[in-house]
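Visitor: Could you have a look at this structure, given as structure tokens, before my questions?
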Amino acid sequence: MGMRRGDRFLGAAMFMPALLFIVGLVGVPLILAFLYSVGNVTVGSVGYKFVGLANFRSVLQNPAFRGALLHSFIFTVSAQLIVIVGANILAVALRNPFRGRGLVRFLILLPWVAPISLGAIGWKWILDSIYSVINWALVSVHLVKPFDTPMWLGEPKLAMLSVILVHAWRMMPFSTVILLAGLTAIPRDIPEAAAVDGAGFWRTHLEITLPMMKPVIAVALLFGIIFTFTDMTVVYILTRGGPYDSTHVLPSYAFFAGILGGSLAEGAAVSVFLVPILVLVAWAMLRVAHRTEVV
Amino acid sequence: MTGETGWLGWQRWRRLLGAREGGVRVPPGILRWAIVLVFAAALSFPFLWMGITTFKQTTDLYNTKNNPFLFNLPPTLEHLRLLFNETMYLRWLGNTAFAGAVVVAITLLLALPAAYALARLTGRWGERLGIGIFLTYLIPPTLLFIPMSRVVALLGLQDSLWSIILVYPTFTLPFSIWLLMAFFKSVPRELEDAAMVDGLTRFQAFVQLVIPISLSGILTVVIFSFTLVTQEFVYALTFISSAAHQTVSVGVPIYLVRGDVYYWGSLMAACLIASLPVAVMYNTFLDRFVAGFTVGAVK
Chain A
10 MGMRRGDRFL GAAMFMPALL FIVGLVGVPL ILAFLYSVGN VTVGSVGYKF VGLANFRSVL
70 QNPAFRGALL HSFIFTVSAQ LIVIVGANIL AVALRNPFRG RGLVRFLILL PWVAPISLGA
130 IGWKWILDSI YSVINWALVS VHLVKPFDTP MWLGEPKLAM LSVILVHAWR MMPFSTVILL
190 AGLTAIPRDI PEAAAVDGAG FWRTHLEITL PMMKPVIAVA LLFGIIFTFT DMTVVYILTR
250 GGPYDSTHVL PSYAFFAGIL GGSLAEGAAV SVFLVPILVL VAWAMLRVAH RTEVV
Chain B
76 MTGETGWLGW QRWRRLLGAR EGGVRVPPGI LRWAIVLVFA AALSFPFLWM GITTFKQTTD
136 LYNTKNNPFL FNLPPTLEHL RLLFNETMYL RWLGNTAFAG AVVVAITLLL ALPAAYALAR
196 LTGRWGERLG IGIFLTYLIP PTLLFIPMSR VVALLGLQDS LWSIILVYPT FTLPFSIWLL
256 MAFFKSVPRE LEDAAMVDGL TRFQAFVQLV IPISLSGILT VVIFSFTLVT QEFVYALTFI
316 SSAAHQTVSV GVPIYLVRGD VYYWGSLMAA CLIASLPVAV MYNTFLDRFV AGFTVGAVK
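Protein chains in written order, with the numbering used here: chain A, 10 to 304; chain B, 76 to 374.
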């Protein structure tokens with residue numbers, strides 16, 4: 010069906026304000042992020058000089074940055090592994106309606122819908138070095154000795170574990186509701202027919218349900234990767250990257266170098282390391298969208 | 076599990092737990108409840124803990140010999156009094172509500188016409204532009220906040236609530252346009268065609284007919300944008316440097332801590348009070364947000 014000329018003009022006019030806003034405040038800063046990463050901008054100065062890859066060389070020589078790069082991958086992969094396994098189990102358990110499901114859903118959603126900085130502060134109190142309720146519980150069942158309790162946020166390995174678990178906690182509800190939506194969209198008669206043919210729960214689940222949920226799992230995973238890889242809130246609030254830079258991730262390190270340290274150029278260079286993963290995820294998302302349209 | 080391992084052991088467990096043999100409604104009964112309860116307890120625990128901490132006397136909180144799950148001393152409202160009378164908490168709540176309201180208004184003003192244009196007026200270009208808009212949602216604040224801090228300074232907005240009001244629509248807009256576009260597409264075309272035969276222009280038909288019958292979609296966008304504003308942390312932390320101009324999600328974790336002293340009672344009260352209304356709002360509209368995220372992947 011042909012589009013009338015007037016409609017096209019009106020369409021452009023109606024779309025333009027939003028487009029200008031997004032170009033001005035997403036497009037321009039995005040280009041600036043790249044320009045800064047190859048320039049010499051600092052908080053104090055106004056000039057700009059092209060310095061090539063000097064910022065990248067300088068951050069790559071810094072062990073704290075190389076740590077942050079590595080932690081970013083550990084952080085994202087481990088948190089997403091926990092989330093995708095947990096969310097699958099939880100979504101299957103929640104599939105059929107039961108009494109109280111509304112309340113349960115609300116409780117399960119809390120970590121995702123409440124502001125994450127506030128949830129993270131809650132965890133900071135739960136993981137406190139002296140008053141940790143987890144440590145109290147561990148002591149009272151004699152799993153650890155009093156006065157020798159784990160310093161959840163004070164020891165490098167435990168701190169990393171805590172940061173990962175808190176982020177998994179935060180993302181679990183998101184993946185669960187997305188998987189649940191995929192699960193409920195599967196026509197009921199398909200798994201039922203498999204059951205009639207004698208397939209047990211696991212066979213039905215692994216050979217029929219899971220393959221049908223592939224696109225939805227992909228969506229949950231891709232959003233999960235973006236939200237985890239680019240997050241600095243959990244790290245910033247729980248550990249500020251410490252102890253001894255052992256929990257810094259790329260975004261938190263960019264914040265410390267660029268904003269607190271005042272070297273915008275170095276901060277921008279650190280942020281730019283996020284880009285390859287973002288591009289990869291965007292490409293994968295388009296593929297998922299494309300494929301499901303064809304089916 | 077028991078001494079048995081693997082498949083056989085699992086089968087026996089299932090029978091013990093009352094699984095219908097060969098049925099699809101597995102995991103059933105007790106097992107399902109156990110899974111749901113464990114997850115619900117683990118995921119909501121920090122909020123339960125905030126509630127308990129809020130009402131505990133300080134000496135009770137800081138006595139490591141006490142069972143922390145019990146009220147060893149009578150409950151107190153002291154932490155709440157301190158929070159509301161002696162901190163800027165109310166101010167932060169007000170700042171957040173104000174910023175949220177203005178951001179929602181800007182979002183609607185820009186997203187409604189844009190989404191309509193993409194749904195109806197741009198033909199096959201609309202599809203591509205729509206995907207392009209959606210992709211901008213994937214560009215995170217942690218990539219943009221450094222250049223954005225320069226832009227904000229250039230506009231003279233540093234340390235002002237208006238800095239975040241200007242910047243927040245960058246993440247509320249893409250998702251809102253995306254949601255509204257799907258919504259407008261489900262409105263029957265005949266409606267506008269009939270109205271235009273009756274003498275309305277297309278724009279008038281959009282304003283007088285399409286917007287009113289899309290109220291529930293608009294409400295979804297309002298709630299979604301508002302909750303995103305309450306949740307944002309990175310931009311507010313970067314642009315705003317004085318406590319009085321902060322929002323609740325930065326004010327509480329950063330400025331409620333004095334020096335190294337954590338007032339845990341008040342801090343937890345502040346977290347809980349700000350979290351619950353946002354959670355209730357979001358929960359009510361959840362199914363629509365999920366639909367927005369899974370467009371295409373769920374049929």
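All residues carry an ideal CB built from backbone N, CA and C; glycine is no exception. Keep in mind that this is a model prediction, so the values were computed, not measured.
Counting only Cβ-Cβ distances shorter than 7 Å, please list the residues of the region 119–132 of chain B near chain A, keeping chain order.
Guide: From the region 119–132 of chain B, only Ser119, Pro121, Phe122, Trp124, Met125 and Thr128 have a Cβ closer than 7 Å to chain A.
Visitor: To the nearest angstrom, report how far apart A/Leu79 and B/Ala257 are at their CA atoms.
Guide: For the purposes of this step, residue 79 of chain A is taken as residue 70 along the first sequence, with counting starting at 1. For the purposes of this step, residue 257 of chain B is taken as residue 182 along the second sequence, with counting starting at 1. Near 39 Å, if we compare the C-alpha coordinates of B/Ala257 and A/Leu79.
Visitor: Out of A/Ala123, A/Ile173 and A/Pro155, which one is the CA nearest neighbour of A/Leu247?
Guide: Here residue 247 of chain A is taken as the residue at index 238 of the first sequence, counted from 1. Among A/Ala123, A/Ile173 and A/Pro155, the Cα nearest to that of A/Leu247 belongs to A/Ile173.
Visitor: Considering B/Met256, what are the terminal residues of the alpha helix (DSSP H) in which it resides?
Guide: The residue given as residue 256 of chain B occupies position 181 in the second sequence. Unbroken alpha helix (DSSP H) run through B/Met256: Pro244 to Lys260.
Visitor: Hey, is A/Thr85's beta-carbon within less than 9 Å of any beta-carbon in chain B?
Guide: Against the first sequence, residue 85 of chain A aligns to sequence position 76. So no, A/Thr85 is outside the interface.
Visitor: Going by DSSP, name the residue or residues bridged to B/Arg333.
Guide: Sequence index remark: in the second sequence, residue 333 of chain B carries index 258 (1-based). B/Val336, per the DSSP bridge assignment.
Visitor: Taking the C-alpha atoms as reference points, what is the distance between A/Met25 and A/Asp206?
Guide: Your numbering for residue 25 of chain A matches position 16 in the first sequence. Your numbering for residue 206 of chain A matches position 197 in the first sequence. For A/Met25 and A/Asp206, the distance between alpha carbons rounds to 57 Å.
Visitor: Please confirm if the region 144–162 of chain A is in contact with the region 181–200 of chain A, defined as three or more CB-CB distances below 8 Å between the two stretches.
Guide: As far as the Cβ criterion goes, the region 144–162 of chain A does not touch the region 181–200 of chain A, which means the pair count is below three.
Visitor: Which class does A/Gly276 belong to by DSSP, given the choice of helix, strand or coil?
Guide: Here residue 276 of chain A is taken as the residue at index 267 of the first sequence, counted from 1. If DSSP states are grouped into helix, strand and coil, A/Gly276 belongs with the helices.
Visitor: Please compile the residues from chain B whose C-beta is within a distance smaller than 9 Å of the C-beta of A/Met160.
Guide: On the first sequence, position 151 is the one that residue 160 of chain A refers to. Result: empty, since nearest Cβ-Cβ is about 15 Å, beyond 9 Å.
Visitor: I need the straight-line Cα distance from A/Ala229 to A/Ala291, nearest angstrom please.
Guide: Mapped onto the first sequence, residue 229 of chain A falls at position 220. Mapped onto the first sequence, residue 291 of chain A falls at position 282. Each residue's alpha carbon lies about 13 Å from the other.
Visitor: Since A/Ala274 and A/Asn64 are thought to touch, with beta carbons under 8 Å apart, how far apart are those beta carbons, to the nearest angstrom?
Guide: The residue given as residue 274 of chain A occupies position 265 in the first sequence. The residue given as residue 64 of chain A occupies position 55 in the first sequence. The pair is a contact, with the Cβ atoms about 5 Å apart (cut-off 8 Å).
Visitor: Go ahead and label A/Trp211 buried or exposed: buried means 16 or more other beta carbons lie within 10 angstroms of its beta carbon, across all protein chains shown.
Guide: Looking up residue 211 of chain A in the first sequence gives position 202. Per the 10 Å Cβ criterion, exposed.
Visitor: Is A/Phe24 close to chain B? Criterion is C-beta to C-beta, closer than 9 Å.
Guide: In the first sequence, counting from the first residue as 1, residue 24 of chain A sits at position 15. Yes, A/Phe24 lies at the interface with chain B (some Cβ there is under 9 Å from its Cβ).
Visitor: Kindly provide the ranges of any alpha helix (DSSP H) runs that are 4 or more residues long and lie completely inside the region 30–118 of chain A, ordered along the chain.
Guide: Whole alpha helix (DSSP H) segments, 4+ residues: 37–46, 63–69 and 72–103.
Visitor: Using 8 Å as the cut-off, can you tell me whether the region 115–132 of chain A makes contact with the region 292–307 of chain B, which would need three or more C-beta pairs spanning the two stretches below that distance?
Guide: Yes: the two stretches touch, three or more of their Cβ pairs being nearer than 8 Å.
Visitor: By Cβ distance, which residues of its chain are closer than 8 Å to B/Val242, with the 5 residues on each side in sequence left out?
Guide: Taking the second sequence and counting its residues from 1, the one referred to as residue 242 of chain B is at position 167. Around B/Val242: Met223, Val227, Tyr310 and Phe314.
Visitor: Three-state secondary structure (DSSP) at B/Met125?
Guide: Position 50 of the second sequence, counting from 1, holds the residue named residue 125 of chain B. Helix.
Visitor: When the Cα of A/Leu136 is compared with those of B/Pro121, B/Gly326 and B/Ala318, which residue comes out closest?
Guide: For the purposes of this step, residue 136 of chain A is taken as residue 127 along the first sequence, with counting starting at 1. Of B/Pro121, B/Gly326 and B/Ala318, the residue nearest in Cα terms is B/Pro121.
Visitor: Relative to the C-alpha of B/Gly367, which candidate in B/Thr295, B/Trp108, B/Tyr164 and B/Phe281 has its C-alpha closest?
Guide: Taking the first residue of the second sequence as position 1, residue 367 of chain B is located at position 292. Answer by Cα proximity: B/Thr295.
Visitor: Apart from the five residues on each side of it in sequence, which residues of its chain come closer than 7 Å, Cβ to Cβ, to A/Thr85?
Guide: As a first step, residue 85 of chain A must be located in the first sequence, where it is residue number 76. The answer, listed in chain order, is Ile234, Thr237 and Phe238.
Visitor: If we ignore side chains and look at the alpha-carbon of each, how far apart do B/Val336 and B/Pro263 end up?
Guide: Within the second sequence, the letter at position 261 stands for residue 336 of chain B. Within the second sequence, the letter at position 188 stands for residue 263 of chain B. Taking the straight line from one Cα to the other gives about 60 Å.
Visitor: Going along the chain, which residues of the region 237–267 of chain B sit with their C-beta nearer than 8 Å to a C-beta in chain A?
Guide: The region 237–267 of chain B vs chain A, Cβ under 8 Å: Leu241, Val242, Pro244, Thr245, Leu248, Pro249 and Ile252.
Visitor: To the nearest angstrom, how far is it from the Cα of B/Asp362 to the Cα of A/Pro106?
Guide: Translated into the one-based positions of the second sequence, residue 362 of chain B becomes position 287. Translated into the one-based positions of the first sequence, residue 106 of chain A becomes position 97. Roughly 15 Å separates the two Cα atoms.
Visitor: Does B/Thr376 have its Cβ less than 9 Å from a Cβ in chain A?
Guide: Because chain B is modelled from 76 through 374, residue 376 of chain B falls outside the range shown and cannot be assessed.
Visitor: How about A/Gly5 and A/Ile139: do their beta carbons lie closer than 9 Å?
Guide: Absent from the structure is residue 5 of chain A, since the part of chain A shown begins at 10 and ends at 304.
Visitor: Anyone know if the C-beta pair for B/Leu118 and A/Leu116 falls short of 9 Å?
Guide: Numbered from its first residue, the second sequence carries residue 118 of chain B at position 43. Numbered from its first residue, the first sequence carries residue 116 of chain A at position 107. The answer is yes: Cβ separation under 9 Å.
Visitor: Looking at the secondary structure, which residues open and close the alpha helix (DSSP H) in which B/Gly169 lies?
Guide: As a position in the second sequence, residue 169 of chain B is number 94, starting the count at 1. That run of the alpha helix (DSSP H) goes Tyr164 to Tyr191.
Visitor: First and last residue of the alpha helix (DSSP H) that includes A/Lys166?
Guide: Here the question's residue 166 of chain A lines up with position 157 in the first sequence. That run of the alpha helix (DSSP H) goes Pro165 to Ala194.
Visitor: Using a Cβ-Cβ cut-off of 7 Å (strictly less than) and excluding sequence neighbours within five positions of B/Phe281, which residues of its own chain qualify?
Guide: Mapped onto the second sequence, residue 281 of chain B falls at position 206. The residues are Tyr191.
Visitor: Starting from the beta carbon of B/Phe278, find every residue of chain A whose beta carbon is closer than 7 Å, and list them in chain order.
Guide: For the purposes of this step, residue 278 of chain B is taken as the residue at position 203 of the second sequence. Near B/Phe278 (Cβ distances below 7 Å), the residues of chain A are Leu19.
Visitor: What residues of chain A sit near B/Gln283, judged by a beta carbon separation below 9 Å?
Guide: Along the second sequence, one-based indexing puts residue 283 of chain B at 208. Within 9 Å Cβ-Cβ: nothing; B/Gln283 doesn't reach chain A, min ~15 Å.
Visitor: Taking a contact to mean a Cβ-Cβ separation below 9 Å, would you say B/Thr171 touches B/Ala345 in this structure?
Guide: Within the second sequence, the letter at position 96 stands for residue 171 of chain B. Within the second sequence, the letter at position 270 stands for residue 345 of chain B. No, these two residues do not count as a Cβ contact at 9 Å.
Visitor: Whose C-alpha, out of A/Ala102, A/Val175, A/Thr51 and A/Ala293, is nearest the C-alpha of A/Lys223?
Guide: As a working note, residue 223 of chain A is residue 214 in the first sequence. Comparing Cα-Cα distances from A/Lys223 to each of A/Ala102, A/Val175, A/Thr51 and A/Ala293, the minimum goes to A/Ala293.
Visitor: Taking the alpha-carbon of B/Trp451 as reference, which of A/Tyr262, A/Arg104 and A/Ala263 has the nearest alpha-carbon?
Guide: Past the edges of chain B, shown from 76 to 374, lies residue 451 of chain B, and the structure says nothing about it.
Visitor: Please report how far the alpha carbon of B/Thr217 lies from the alpha carbon of A/Pro159, in whole angstroms.
Guide: What you label residue 217 of chain B is simply residue 142 of the second sequence in a count that begins at 1. What you label residue 159 of chain A is simply residue 150 of the first sequence in a count that begins at 1. Answer to the nearest angstrom: the Cα atoms are 32 Å apart.
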